[in-house]
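Structure first, commentary second.
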Amino acid sequence: MPEQIQTAVITGAANGFGAVAARALHRAGYRVIITDIVHEPALALANALDLAGDTAVAATLDVTKPEDFQAVLDKVVDRWGSVEVLVNNAARTAVKPVLDIDPADFNAILTTNAGGTFAGSQIFGRYFKTRGYGRIVNMASLAGQNGGTATGAHYAASKGAILTLTKVFARDLAAFGVTCNAIAPGPMDTPLVREVLGDGIDKAMAAIPVGRLGDPDFVAEMVVMLASPKAAFVNGACWDVNGGIYPR
Ligand SMILES: NC(=O)c1ccc[n+]([C@@H]2O[C@H](COP(=O)([O-])OP(=O)(O)OC[C@H]3O[C@@H](n4cnc5c(N)ncnc54)[C@H](O)[C@@H]3O)[C@@H](O)[C@H]2O)c1
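Going by the numbering used here, the sequence shown runs without a break in its numbering and finishes at 687.
Next comes the structure, spelled out in structure tokens:
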């Protein structure tokens, strides 16, 4: 009998790094549920990976709405029987000097980035606990460790919160076959980073000890490793990938 294919739900997977991670998980043999607030590019990616809609499908999921996580989880379990992996990737990246940030914007970024990771981990965590197996992979950031270089305090604080949530969920779910880990990239070569850095890209790269931006394909391989059943002994960890900007 063929081994049952595992299913991974990735948030914010229509564009940027989430799309790279979805492609990598699909290549590694996972069924991928490409979720995002924007539907068209999510659907385009799903169709590019599997036009038949069996090993790659798109779903609308706004991470600020816990009910969206529940609806996607219920639908996937209904259709394919199980979900094994949640990648909390969706985030809003914001750039502003700390003294200029409107408190309402601070709260909004926290709500999407940290609140979304919390809601996803809680809803999928309950399900994974009942099943006795699960993998949660959170996209944190170097900004959550060093306070941020190009990004704002709201973004950096949200990523620090994600690192703490990673430890809490890891501790609470460890005994039930569920792991929760984070990846903290420095600037990767993605459209967003090129947009944020603009003309300052050469200067920014020169300030990185290894003299280059991070490779999103490599970071996606880290997601695949942490999503694997083999990663059972990695829990509550944060895997740094920052070109030596922040050794610790
Ligand atoms: N790009 C980098 O160098 C870098 C570095 C460190 C960490 N990260 C993290 O990696 C992840 C992906 O980054 P990226 O560069 O691809 O960002 P991006 O802005 O290009 O993509 C983010 C995706 O999230 C989606 N999204 C935004 N709000 C959402 C919501 N409420 N619900 C669902 N989806 C929503 C967007 O539509 C988009 O598809 C983020 O968590 C980011 O913080 C990226």
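Note that the Cβ used here is the ideal one computed from N, Cα and C, for glycine as well. Computed from a predicted structure; not experimentally measured.
Collapsed DSSP secondary structure at residue i in the structure displayed
i: threonine 446; result: strand
i: leucine 581; result: coil
i: valine 607; result: helix
i: leucine 500; result: coil
i: proline 686; result: coil
i: alanine 529; result: coil
i: threonine 629; result: coil
i: glycine 637; result: helix
i: proline 624; result: strand
i: aspartate 475; result: strand
i: aspartate 513; result: helix
i: glycine 675; result: coil
i: alanine 495; result: strand
Close-in-space but distant-in-sequence residues of the same chain around residue i (CB under 7 Å, 5 per side omitted)
i: proline 480; result: Ala453 and Asn454
i: threonine 629; result: Gly455, Phe456 and Pro655
i: glycine 653; result: Pro624, Gly625, Pro626, Met627, Asp628, Val680 and Gly682
i: valine 465; result: The displayed chain sequence assigns histidine, not valine, to residue 465. If we look at histidine 465 and ignore the five residues flanking it on each side, its Cβ neighbours are Val471, Leu488, Thr494 and Ala495.
Residue i vs residue j beta-carbon contact at 8 Å
i: alanine 659; j: alanine 460; result: yes
i: valine 680; j: proline 624; result: yes
i: threonine 590; j: alanine 553; result: no
i: leucine 581; j: isoleucine 684; result: yes
i: isoleucine 472; j: valine 516; result: no
i: valine 502; j: glycine 468; result: no
i: isoleucine 562; j: proline 505; result: yes
i: isoleucine 601; j: asparagine 577; result: yes
i: alanine 609; j: glycine 520; result: no
Contacting residues, own chain, Cβ-Cβ under 6 Å from residue i (five flanking each side not counted)
i: threonine 643; result: At residue 643 the sequence reads alanine, which differs from the threonine that was named. Only Leu636 meet the Cβ criterion.
i: lysine 598; result: Ala579, Ser580, Ala582 and Gly583
C-beta neighbour in chain D for residue i, strict 8 Å
i: leucine 464; result: Looking for chain D here will not work: only one protein chain is present.
Cutoff 8 Å; reference residue i; Cβ partners in own chain excluding five residues on either side
i: alanine 670; result: Arg574, Thr618, Asn620 and Met664
i: alanine 463; result: Asp656, Ala659, Glu660, Val662 and Val663
i: phenylalanine 508; result: Leu500, Val502, Ala558, Gly559, Ile562 and Phe563
i: valine 537; result: Gly591 and Ala592
i: valine 649; result: Gly682 and Gly683
Residue i: CB within 7 Å of a non-hydrogen atom of ligand 3
i: aspartate 475; result: In terms of ligand content, the structure shown lacks ligand 3 and carries ligand 1 instead.
Taking the runs of the alpha helix (DSSP H) that are 4 residues or longer, which of them lie wholly in the segment 532 to 605? 542 to 549, 555 to 570 and 582 to 585
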